[in-house]
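Here the protein sequences line up with chains B and Y, keeping their order. With the first letter of the first sequence counted as 1, position 288 gets the number 288 in UniProt numbering; the numbers rise by one all the way through. With the first letter of the second sequence counted as 1, position 195 gets the number 195 in UniProt numbering; the numbers rise by one all the way through. For reference, the structure discussed in these notes is given below.
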Amino acid sequence: MNFAFTEDQLLFRDTVRDFLAAECGPAELRAAAAGTGRSAARWQKLADMGLTGLTVAEARGGLGLGLLDYVLIAEETGRVALPEPLIDQIGIAAPVLADFAARADVAAVLSGLAAGTCKVAAGHPDDPFVADAGEADFLLLGRDGVLHLVPRDRVVLTPETSVDPLRRIAAVDWAAGNETRLSGETGILDRFRDLGALAAAAQGLGLAQAMVDLAADYARTRQQFGKPIGTFQAVKHHLATVQVAIEFARAPVYKAAATQHPRDISHARIAVVDAAAAAARTAIQVFGAMGYTYEVDLHFFMKRAWALAGVWGDRHYHLDRLSRMVLSDDAAIGADGTFQDR
Amino acid sequence: MDLRYTPKQAAFRAEVRAWMQAHVPKQRLKSYDTREGFEEHRQWERVLNSGRFGMVTWPEAMGGRGADLIEWLIFEEEYYRAGAPGRVNQNGIFLLGPTLMEYGTAAQKARFLPRMAAGDEIWAQGWSEPGAGSDMAAIRTKAIRDGDHYVINGQKTWSTRAAFADWCFGLFRTDPESTRHHGMSFILLPLDTPGITRRPIPQLDGEPGFAELFFDDVRVPVENRLGDEGQGWSIAMATAGFERGLMLRSPARFQETAKRLVQLYRRHEARVAPGVRDQVLKAWMDAEAYALNTYMTASRLIAGGKIGQEASLNKIFWSELDRSMHETALSILGARGELLASGVDEAGEITRWLKGFLFSLAGPIYAGANEIQRNIIAERLLNLPR
Ligand SMILES: Cc1cc2nc3c(=O)[nH]c(=O)nc-3n(C[C@H](O)[C@H](O)[C@H](O)COP(=O)(O)OP(=O)(O)OC[C@H]3O[C@@H](n4cnc5c(N)ncnc54)[C@H](O)[C@@H]3O)c2cc1C
Numbered sequence: 001m002n003f004a005f006t007e008d009q010l011l012f013r014d015t016v017r018d019f020l021a022a023e024c025g026p027a028e029l030r031a032a033a034a035g036t037g038r039s040a041a042r043w044q045k046l047a048d049m050g051l052t053g054l055t056v057a058e059a060r061g062g063l064g065l066g067l068l069d070y071v072l073i074a075e076e077t078g079r080v081a082l083p084e085p086l087i088d089q090i091g092i093a094a095p096v097l098a099d100f101a102a103r104a105d106v107a108a109v110l111s112g113l114a115a116g117t118c119k120v121a122a123g124h125p126d127d128p129f130v131a132d133a134g135e136a137d138f139l140l141l142g143r144d145g146v147l148h149l150v151p152r153d154r155v156v157l158t159p160e161t162s163v164d165p166l167r168r169i170a171a172v173d174w175a176a177g178n179e180t181r182l183s184g185e186t187g188i189l190d191r192f193r194d195l196g197a198l199a200a201a202a203q204g205l206g207l208a209q210a211m212v213d214l215a216a217d218y219a220r221t222r223q224q225f226g227k228p229i230g231t232f233q234a235v236k237h238h239l240a241t242v243q244v245a246i247e248f249a250r251a252p253v254y255k256a257a258a259t260q261h262p263r264d265i266s267h268a269r270i271a272v273v274d275a276a277a278a279a280a281r282t283a284i285q286v287f288g289a290m291g292y293t294y295e296v297d298l299h300f301f302m303k304r305a306w307a308l309a310g311v312w313g314d315r316h317y318h319l320d321r322l323s324r325m326v327l328s329d330d331a332a333i334g335a336d337g338t339f340q341d342r
Numbered sequence: 001m002d003l004r005y006t007p008k009q010a011a012f013r014a015e016v017r018a019w020m021q022a023h024v025p026k027q028r029l030k031s032y033d034t035r036e037g038f039e040e041h042r043q044w045e046r047v048l049n050s051g052r053f054g055m056v057t058w059p060e061a062m063g064g065r066g067a068d069l070i071e072w073l074i075f076e077e078e079y080y081r082a083g084a085p086g087r088v089n090q091n092g093i094f095l096l097g098p099t100l101m102e103y104g105t106a107a108q109k110a111r112f113l114p115r116m117a118a119g120d121e122i123w124a125q126g127w128s129e130p131g132a133g134s135d136m137a138a139i140r141t142k143a144i145r146d147g148d149h150y151v152i153n154g155q156k157t158w159s160t161r162a163a164f165a166d167w168c169f170g171l172f173r174t175d176p177e178s179t180r181h182h183g184m185s186f187i188l189l190p191l192d193t194p195g196i197t198r199r200p201i202p203q204l205d206g207e208p209g210f211a212e213l214f215f216d217d218v219r220v221p222v223e224n225r226l227g228d229e230g231q232g233w234s235i236a237m238a239t240a241g242f243e244r245g246l247m248l249r250s251p252a253r254f255q256e257t258a259k260r261l262v263q264l265y266r267r268h269e270a271r272v273a274p275g276v277r278d279q280v281l282k283a284w285m286d287a288e289a290y291a292l293n294t295y296m297t298a299s300r301l302i303a304g305g306k307i308g309q310e311a312s313l314n315k316i317f318w319s320e321l322d323r324s325m326h327e328t329a330l331s332i333l334g335a336r337g338e339l340l341a342s343g344v345d346e347a348g349e350i351t352r353w354l355k356g357f358l359f360s361l362a363g364p365i366y367a368g369a370n371e372i373q374r375n376i377i378a379e380r381l382l383n384l385p386r
């Protein structure tokens with residue numbers, strides 16, 4: 001039993017953190033929001049670092065790493081509210097497609113993902129919109145219990161506007177066919193949803209921490225009544241309360257990445273949705289009217305958190321599923337239940 | 001990361017489980033906040049020690065098994081799973097024990113630890129004074145050097161189990177000219193020393209769970225000082241770190257409470273409002289999150305890491321979790337929740353929730369009030385100005 005990341009995993013995380021801090025600061029977010037929303041140059045750098053192929057097998061040109069390596073990276077992309085759909089690709093599309101790598105067409109897509117030259121958007125049939133479908137070469141979609149890989153030219157997109165100025169979403173109209181079919185294996189769309197939920201949870205952790213850090217920075221400098229507002233206990237206690245919520249959402253996310261068990265994923269998902277919502281409402285309060293503006297960077301993080309709260313199974317879906325697992329007769333709960341195989 | 005128990009860990013769990021099954025008293029012991037119950041619990045500590053389960057993390061020479069923190073968590077899980085009695089000596093084994101291990105001389109360790117593990121000496125802690133609660137640096141009780149003794153005068157209060165305990169450890173001002181956190185020393189003393197008067201204080205449940213201690217020219221040998229003279233504050237902070245951080249409240253305790261809450265909810269599901277389900281699930285998730293967080297901390301400490309300010313995050317989390325679980329349980333019980341009886345029937349279970357609720361209200365106060373913990377998080381983790 002060892003619930004800790006390796007030195008290598010942490011070191012890689014730190015490298016990516018430094019890279020993202022340099023490449024995706026608030027100025028870059030603003031530029032993206034004012035322009036097309038996506039930077040081809042940044043995507044190329046992500047590919048050069050190997051990140052687009054993080055979870056793709058080495059044989060396909062990827063780094064061949066697993067979800068435990070990835071979860072720390074997903075958290076970092078949340079920390080900077082990265083606009084590009086890196087996480088959907090390496091946390092949802094690549095792991096799903098890996099099961100079908102024996103097919104030549106899928107293998108080619110995976111190689112393209114690793115190289116950064118092919119893009120796959122992913123959307124669960126329960127969600128009304130798909131993110132980053134416009135620029136994608138393929139869409140990973142589901143219908144009637146079947147998972148499909150659909151070429152971009154076989155879908156009709158109706159773009160919609162997200163509250164998050166950096167999210168690009170669209171409703172997708174498409175026809176399923178034999179040639180798009182990947183698998184109808186039982187539970188395949190649940191696994192699809194779970195990978196999306198894990199991706200949202202891991203990013204949400206980073207988003208929540210970023211909001212607390214921004215608010216703490218502001219509280220150190222903004223002066224009222226002749227002193228920094230961070231000296232006021234009401235402000236301190238608000239932020240400390242959120243930090244507690246974030247801290248106790250972290251281990252569930254890491255465990256969910258390790259086990260990919262539905263119970264763990266739903267737990268992580270709910271804990272992060274709640275922590276990130278608390279971070280958003282607390283941070284805006286600490287910023288005062290400044291927080292209510294487009295001028296302060298906080299809104300990018302709040303809006304991403306709000307958008308991610310609903311997709312890949314919202315809070316109700318995950319609570320409902322969790323209740324069936326925790327409140328059942330044979331649930332392994334109690335003091336020795338945490339790491340029992342279920 | 002490897003979330004599987006090793007065969008050795010699994011074997012240890014099996015050993016603890018079998019031993020607990022054979023030894024845990026079938027009848028619930030009387031409350032350790034009564035004299036009779038206190039002695040029953042002392043007897044249980046002796047039984048535990050006979051199986052070398054007094055404190056599994058201690059070295060064998062001190063009555064332990066040299067277990068690591070993961071094994072300690074496994075032990076705790078089996079302990080709570082078996083419904084074993086509360087640890088009457090928790091001040092000793094969980095707080096003073098680790099402190100002695102770090103700061104004690106070889107002679108002090110040999111003198112105190114085995115008897116602590118055996119339940120022969122049960123400990124109370126003496127930090128708080130009437131004028132020094134959250135502000136512990138305001139301690140005034142003096143221990144003035146007189147040859148090879150200290151002479152103690154003053155008063156301690158809220159000392160848990162001091163009504164019946166054998167020994168007390170605490171902070172005393174050894175430099176009478178000093179102020180705040182300077183000039184204090186960490187001293188251990190037997191509570192039957194002449195000059196000590198104990199006044200039991202009934203707690204919310206009516207039982208004398210803590211006591212006031214009055215010191216009137218109490219003479220204590222200098223060798224009972226832990227660490228250097230004047231070093232008391234930093235040693236006490238280490239003890240408080242153990243208290244908040246890891247040892248005092250193992251996750252198993254809350255996981256078992258969450259499990260009981262799930263069972264209670266399922267029995268009453270038909271008549272409670274739908275929203276209660278979400279509170280019950282939240283209790284389960286939070287108890288689980290606390291366990292996961294503790295496993296992460298244990299793994300980090302085993303790899304050579306240290307406990308830091310995150311201890312304050314823990315303390316807030318478990319204390320507020322415990323309170324909300326008991327509030328939820330009482331809301332499910334409705335009008336029957338006021339039933340203060342005893343026994344092991346269904347009424348006994350109600351009493352258990354009620355008593356647990358009363359005690360859960362103390363959680364956000366003791367071991368450093370949660371407001372103080374929030375200050376610590378804000379100032380030391382988030383770097384907000386004082
Ligand atoms: C069940 C129980 C067992 C205990 N056992 C022991 C024991 O064995 N040994 C021992 O020495 N003590 C013990 N205590 C005492 C405990 O350590 C103190 O109660 C605690 O430190 C708080 O001190 P106080 O009660 O004097 O409250 P106060 O310090 O008077 O605080 C009252 C309220 O004011 C708030 N407050 C105080 N200062 C600040 C601040 N700076 N910022 C914001 N809010 C503030 C507190 O958070 C609290 O809400 C025990 C207490 C309880 C309830």
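From the three backbone atoms N, C-alpha and C, an ideal C-beta is built for every residue, glycine too. It should be emphasised that the depicted structure is a prediction, and the values quoted were computed from it without experimental measurement.
Nearest CA to the CA of Leu149 (chain B): which residue from B:Asp48, B:Arg222, B:His261 and B:Asp105?
-> Among B:Asp48, B:Arg222, B:His261 and B:Asp105, the Cα nearest to that of Leu149 (chain B) belongs to B:Asp105.
Ile187 (chain Y) versus Thr6 (chain B): straight-line alpha-carbon distance, rounded = Answer to the nearest angstrom: the Cα atoms are 42 Å apart.
Between Ile265 (chain B) and chain Y, is there a C-beta pair that is closer than 7 Å?
-> No, Ile265 (chain B) does not count as interfacial toward chain Y.
Contact list for Met1 (chain B) against chain Y, beta-carbon separation under 8 Å | Ordered by position in chain Y, the residues that pass the 8 Å Cβ test against Met1 (chain B) are Asp2, Leu3, Arg4, Tyr5, Thr6, Gln9, Ile70, Tyr295 and Ser299.
Go to Phe214 (chain Y), then tell me how far its beta strand (DSSP E) extends in each direction, as first and last residue.
-> Following the DSSP letters along the chain, one finds Phe214 (chain Y) inside the beta strand (DSSP E) bounded by residues Phe210 to Pro221.
Exposure of Leu195 (chain B), with buried meaning 16 or more beta-carbon neighbours within 10 Å | Within 10 angstroms of the beta-carbon of Leu195 (chain B) lie 16 or more other beta-carbons, which makes it buried.
Spatial distance of Gly226 (chain B) from Phe232 (chain B) (CA atoms) | Each residue's alpha carbon lies about 11 Å from the other.
Chain-ordered neighbours of Val262 (chain Y) on chain B, where CB pairs are closer than 8 Å = Residues of chain B with a Cβ closer than 8 Å to the Cβ of Val262 (chain Y) are, in chain order, Val326, Leu327, Ala331 and Ile333.
Provide the residue(s) that pair with Glu71 (chain Y) in DSSP beta bridges, ordered along the chain.
-> DSSP lists no partner for Glu71 (chain Y).
DSSP beta-bridge partners for Glu77 (chain Y)?
-> Paired residue(s): none; Glu77 (chain Y) is not in a bridge.
Tell me whether the beta-carbon of Ala219 (chain B) lies closer than 7 Å to the beta-carbon of Val244 (chain B).
-> It is not a contact, given that the beta carbons lie outside the stated cut-off.
Measure from the alpha carbon of Gly133 (chain Y) to the alpha carbon of each residue in Y:Ala143, Y:Trp158 and Y:Arg115, then state which is nearest.
-> Considering only alpha carbons, the answer is Y:Trp158.
Around the C-beta of Leu67 (chain B), are 16 or more other C-beta atoms found within 10 angstroms, so that it is buried, or is it exposed?
-> Buried, since its Cβ has 16 or more Cβ neighbours within 10 Å.
Name the residues in the region 214–231 of chain B whose C-beta lies less than 7 Å from a C-beta of chain Y; which are they?
-> Cβ contacts with chain Y come from Ala216, Ala219, Arg220, Pro228, Gly230 and Thr231.
Just mark His299 (chain B) as buried or exposed, buried being the case when its beta carbon has 16 or more other beta carbons within 10 Å.
-> With 16 or more other Cβ atoms within 10 Å, it is buried.
State the DSSP-derived secondary structure class of Val344 (chain Y), mapped to helix, strand or coil.
-> With a pLDDT of only 49 at Val344 (chain Y), under the threshold of 50, the placement of this residue in the model should not be trusted; the figure read from the coordinates follows. Coil at Val344 (chain Y), not helix or strand.
What's the C-alpha gap between Gly348 (chain Y) and Gly123 (chain B)?
-> Straight-line spacing of the CA atoms in Gly348 (chain Y) and Gly123 (chain B) works out to 52 Å.
Using a beta-carbon distance below 7 Å, is Gln243 (chain B) in contact with chain A?
-> In the structure shown, chain A cannot be found, because the protein chains are B and Y.
Reference Leu361 (chain Y); option with closest CA among Y:Met325, Y:Gly170 and Y:Glu71 | Put simply, of Y:Met325, Y:Gly170 and Y:Glu71 the residue whose alpha carbon is nearest the alpha carbon of Leu361 (chain Y) is Y:Met325.
Output yes or no for whether 7 Å exceeds the beta carbon distance between Lys315 (chain Y) and Asp205 (chain Y).
-> No, they are not a contact pair.
Residue range of the alpha helix (DSSP H) that includes Ala107 (chain Y) | Start and end: Ala106 to Ala118.
Based on Cα-Cα distance, which residue from B:Val286, B:Asp336, B:Gly177 and B:Phe138 lies nearest to Thr221 (chain B)?
-> The shortest C-alpha separation from Thr221 (chain B) is found at B:Val286.
Quick one: is Tyr80 (chain Y) near chain B, going by C-beta distance under 7 Å?
-> Chain B, which has a Cβ nearer than 7 Å to the Cβ of Tyr80 (chain Y), makes this yes.
Going by Cα to Cα distance, which pick from Y:Gly170, Y:Asp148, Y:Trp123 and Y:Ser31 is closest to Gln155 (chain Y)?
-> Nearest option by C-alpha distance: Y:Gly170.
Find the residues of chain Y that neighbour Ile270 (chain B), judging by a C-beta separation of less than 9 Å, and give them in chain order.
-> Per Cβ cutoff of 9 Å: Leu281, Lys282 and Met285.
Per DSSP, which residues does Cys168 (chain Y) bridge with? Please list them.
-> Bridge partners of Cys168 (chain Y) according to DSSP: Y:Ala124 and Y:Leu189.
Using CA coordinates, which residue listed in Y:Gly195, Y:Val47, Y:Glu36 and Y:Leu226 is at the minimum distance from Arg111 (chain Y)?
-> Shortest Cα-Cα distance from Arg111 (chain Y) to any of Y:Gly195, Y:Val47, Y:Glu36 and Y:Leu226 involves Y:Leu226.
Check whether the Cβ of Trp312 (chain B) sits closer than 6 Å to any heavy atom of ligand 1, and report yes or no.
-> Not so, every heavy atom of ligand 1 lies at least 6 Å from the Cβ.
Please confirm whether Val272 (chain B) and Gly206 (chain B) have their CB atoms less than 7 Å apart.
-> No, they are not a contact pair.
Are the region 155–166 of chain B and the region 262–271 of chain B touching, with three or more C-beta to C-beta distances below 8 Å?
-> Contact between the region 155–166 of chain B and the region 262–271 of chain B is absent, because fewer than three Cβ pairs lie under 8 Å.
Length of the line joining the Cα atoms of Asp33 (chain Y) and Ala137 (chain Y) | A straight line joining the alpha-carbon of Asp33 (chain Y) with that of Ala137 (chain Y) spans about 29 Å.
Under 8 Å by Cβ, that's how I've got residue 405 (chain Y) and Glu256 (chain Y) pegged, so tell me the actual separation to the nearest angstrom.
-> Outside the displayed span of chain Y (1 to 386) sits residue 405 (chain Y), for which this structure offers no information.
Among the residues of its own chain, which have a CB less than 7 Å from the CB of Arg253 (chain Y), if the five just before and after it don't count?
-> Non-local beta-carbon contacts of Arg253 (chain Y) in its own chain, meaning distances under 7 Å to residues more than five positions away in sequence, involve Tyr80 in chain order.
Does at least one heavy atom of ligand 1 sit under 6 Å from the Cβ of Gln125 (chain Y)?
-> The closest heavy atom of ligand 1 lies less than 6 Å from the beta carbon of Gln125 (chain Y).
Does the beta-carbon of residue 407 (chain Y) have 16 or more other beta-carbons within 10 angstroms, so that it is buried, or is it exposed?
-> Chain Y is shown from 1 up to 386; residue 407 (chain Y) falls before or after that span and cannot be answered.
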